[in-house]
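Each residue of the sequence shown is one higher than the one before, counting from 393 in this note's numbering.
We put the CB at the ideal spot given by N, CA and C, even for glycine.
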Amino acid sequence: MPTDPITCLAAPAAWLSDSLRDDSLRDDALHDDALFVDGARILSGWQLLVDGAAPTPASSHRTGASSASFTAACANPSLTITRRRVAEPMGGTEIITLANASDASITVTVSVLTEPSTSARIEATPPPSSTSARIEATRPPSSAPARMEATPPPSSARMEAAPLSASARFEAASPGPAAPLTWTAAVPPRGTWSAEVRITRTDIPSIARPKRFSTLRVTADDARLNALVRAGVQDLDALRRTRGPDAYYSTSSPTHLTLSPREALWAARLALPLGHDVAAGTLRLVADLLDAALAPLYAATLAEAIRWGMSPDAAPPVSLDLSAFGPPGLRLRAPGVITDLLDAAERHDYRLPPPADLDPSISSSDRPHACGAATAPAVLTALLGLDVDVPKGQITFDPLTPSPVGAFRIRGLKIADGLLDASVTSEGTLTVHNGPLGVTFHNADGSPARIA
393 MPTDPITCLA APAAWLSDSL RDDSLRDDAL HDDALFVDGA RILSGWQLLV
443 DGAAPTPASS HRTGASSASF TAACANPSLT ITRRRVAEPM GGTEIITLAN
493 ASDASITVTV SVLTEPSTSA RIEATPPPSS TSARIEATRP PSSAPARMEA
543 TPPPSSARME AAPLSASARF EAASPGPAAP LTWTAAVPPR GTWSAEVRIT
593 RTDIPSIARP KRFSTLRVTA DDARLNALVR AGVQDLDALR RTRGPDAYYS
643 TSSPTHLTLS PREALWAARL ALPLGHDVAA GTLRLVADLL DAALAPLYAA
693 TLAEAIRWGM SPDAAPPVSL DLSAFGPPGL RLRAPGVITD LLDAAERHDY
743 RLPPPADLDP SISSSDRPHA CGAATAPAVL TALLGLDVDV PKGQITFDPL
793 TPSPVGAFRI RGLKIADGLL DASVTSEGTL TVHNGPLGVT FHNADGSPAR
843 IA
């Protein structure tokens with residue numbers, strides 16, 4: 393089983409498991425789970441028990457940048473338990489499902505042990521009931537909220553009125569473990585039983601979950617490239633934050649989901665194939681923070697974003713010479729580099745640290761990392777040998793020959809206000825299927841590119 397932690401990310405929230413990737417199923421696991429929101433740890437413990445015992449882990453995997461699934465076997469061989477976890481900007485939700493493979497009904501006790509901070513609210517649906525915290529909901533005949541009662545009340549918790557859907561809400565009044573959330577679960581023959589637990593930070597203004605922004609995708613003979621691009625695009629969307637009207641990529645999970653000028657500029661530059669709007673926002677946000685060390689990177693990012701179709705008016709005017717800057721020099725086109733990178737991606741669950749030759753001052757300890765995620769679109773640029781110059785109305789291709797990933801096709805790569813759709817055979821023959829208006833397509837020797 394992989395040893396990297398599973399991180400569910402929806403900036404500014406990150407929900408981490410421990411290095412065993414099934415932390416909440418171990419007997420000693422209460423303090424290994426962590427949920428951070430905007431740098432604050434709002435959950436320090438999370439453990440699931442069935443009839444007082446931790447189920448045996450069977451499998452676990454991420455299902456997206458913000459979601460993961462954990463499966464385990466219960467002591468009763470007819471029961472399996474699945475936990476579907478989703479990070480949300482203000483916290484996270486876990487859905488617990490028991491599945492009964494037998495022809496008889498099975499009744500068990502399901503408990504969740506938590507250790508929330510005082511700035512966290514926990515909501516459970518259906519309302520838990522147990523000897524330590526019996527919670528009942530009475531559904532009224534009108535549209536008024538349900539009436540909640542707790543006998544005795546959960547320790548260190550304040551009960552709130554629940555909505556019509558009948559759920560229990562409470563907030564910790566002091567740090568430390570809260571009373572267990574406990575359900576008596578009657579699982580029907582060949583059926584399932586489910587409960588949902590949501591944790592929300594309550595001491596900051598609400599942050600809405602943004603829509604997905606990116607359209608970039610690839611299909612290659614080497615399926616590892618598909619997985620790397622899918623993970624990188626999803627992670628960049630999950631790392632994307634806004635400050636007023638301006639978007640930027642926050643740095644890394646879990647406690648650096650903030651604006652770090654150097655990392656944000658590098659990530660925005662490498663991720664230009666996803667669109668230049670993040671580059672424009674980042675340049676505006678960082679303009680007032682420039683110093684002698686940061687100015688060259690700022691100038692390079694600005695120059696490259698203009699080549700990709702960003703208006704020069706989109707960033708604040710600065711006195712910088714942009715003529716010396718071209719595409720990022722990442723050595724991705726050197727022999728064997730992309731193959732080595734895909735080997736590393738496979739080992740790291742397709743969440744790469746930032747490239748070692750990018751900038752030695754960038755930390756690589758936390759993942760997902762914006763610069764590591766942005767390596768994925770940069771790889772596609774390298775595979776195509778893509779040189780974009782929208783102001784001159786020209787796009788030039790020089791694909792790697794032979795292709796280190798076999799045949800591949802890239803769709804949804806953003807240039808200016810259009811999308812590029814191009815394919816390359818394993819021998820390196822390029823075909824442009826669609827592209828932005830107002831530009832011409834050329835091969836590296838100056839000849840017109842093949843257009844289908």
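Inside the region 599-657 only - alpha helix (DSSP H) runs reaching at least 4 residues: Complete alpha helix (DSSP H) runs here, min 4: 615-631.
Cβ pair count under 8 angstroms reaching 3, the region 619-626 against the region 805-813: no
Straight-line Cα distance separating Thr517 from Leu733: 44 angstroms
Contact set for Ala799: own chain, Cβ-Cβ below 6 angstroms, skip 5 residues either direction: Excluding five sequence positions before and after Ala799, the CB atoms of its chain that fall closer than 6 angstroms to its own CB belong to Asp613, Thr817 and Ser818, given in chain order.
Three or more C-beta pairs below 8 angstroms linking the region 784-795 and the region 645-658: no
Whole-angstrom distance between Pro747 and Gly830, CA atom to CA atom: 34 angstroms
Between the CA atoms of Ala460 and Arg743 - distance to the nearest angstrom: 14 angstroms
Stretch-stretch touch, CB-based, cutoff 8 angstroms, three pairs: the region 652-668 with the region 467-485: no
Residue closest to Thr674, alpha-carbon to alpha-carbon, out of Pro665, Ala692, Leu651 and Ala695: Answer by Cα proximity: Leu651.
Contact under 8 angstroms by Cβ, Asp781 with Arg725: Remark: C-beta atoms of Asp781 and Arg725 do not approach each other more closely than 8 angstroms.
Bridge-paired residues (DSSP) for His761: Ser644
Span separating the alpha-carbon of Ser467 from that of Pro481: Position check: residue 467 holds Ala in this sequence, whereas Ser was assumed. For Ala467 and Pro481, the distance between alpha carbons rounds to 35 angstroms.
Which of helix, strand or coil DSSP assigns to Ile730: Helix, per DSSP.
For Ala679, three-class secondary structure by DSSP: helix
One or two residues paired with Arg739 in a DSSP bridge: Its beta-bridge partners do not exist; DSSP assigns none.
Those runs of the beta strand (DSSP E) which lie wholly inside the region 470-496 and span at least 3 residues: 471-480 and 483-492
Chain C within 8 angstroms of Ala457, Cβ atoms only: Here there is only one protein chain, and chain C is not present.
The alpha helix (DSSP H) enclosing Ile514, as first and last residue numbers: Per DSSP, Ile514 belongs to no alpha helix (DSSP H); it is in the beta strand (DSSP E), Ala512 to Thr517.
Own chain partners of His825 with C-beta closer than 6 angstroms, once the 5 adjacent residues on each side are dropped: By the criterion of a C-beta distance shorter than 6 angstroms, His825 is surrounded in its chain by Asp813 and Ala844, once the five residues flanking it on both sides are discounted.
Residue(s) in a DSSP beta bridge with Ile591: Gly484 and Ile514
Which listed residue (Thr584, Arg593 and Ser458) has its alpha carbon closest to that of Arg513: Arg593
Distance CB(Leu775)-CB(Pro791) smaller than 8 angstroms: yes
Ser470 and Ser452 closer than 8 angstroms at C-beta: no
Cβ pair count under 8 angstroms reaching 3, the region 624-644 against the region 568-588: Because the criterion of three Cβ pairs below 8 angstroms is not met, the region 624-644 and the region 568-588 do not touch.
DSSP-derived helix/strand/coil call for Glu696: Here DSSP, grouped into helix, strand and coil, assigns Glu696 to helix.
Distance between Leu714 and Pro828 (C-alpha atoms, nearest Å): 24 angstroms
For His834, the nearest candidate out of Pro665, Arg803 and Leu778 (CA to CA): Leu778
Environment of Ala405 [buried if 16+ CB atoms lie within 10 Å]: buried
Rounded straight-line distance, which links the Cα of Thr634 to that of Ser598: Taking the straight line joining both Cα atoms gives about 14 angstroms.
Buried versus exposed, by CB contacts within 10 Å (16 or more), Ser535: Caution is warranted here: a pLDDT of 34 is assigned to Ser535, below 50, making its placement in the model unreliable, and the coordinate value is therefore given only provisionally. By the 10 Å Cβ count, Ser535 comes out exposed.
Glu507, enclosing beta strand (DSSP E) - first and last residue: Ile498 to Pro508
Pick from Thr693, Thr607, Leu441 and Ala697 that is closest to Ala850, judged by C-alpha positions: Nothing can be reported for residue 850, as the shown portion of the chain is limited to 393 through 844.
Pair within 8 angstroms by beta-carbon distance, Ser606 and Leu628: Yes, the pair counts as a contact, with Cβ atoms nearer than the cut-off.
Sequence-distant residues of its chain with Cβ nearer than 6 angstroms to Gly456 (five each side left out): So the list reads Gln626, once near-sequence residues are dropped.
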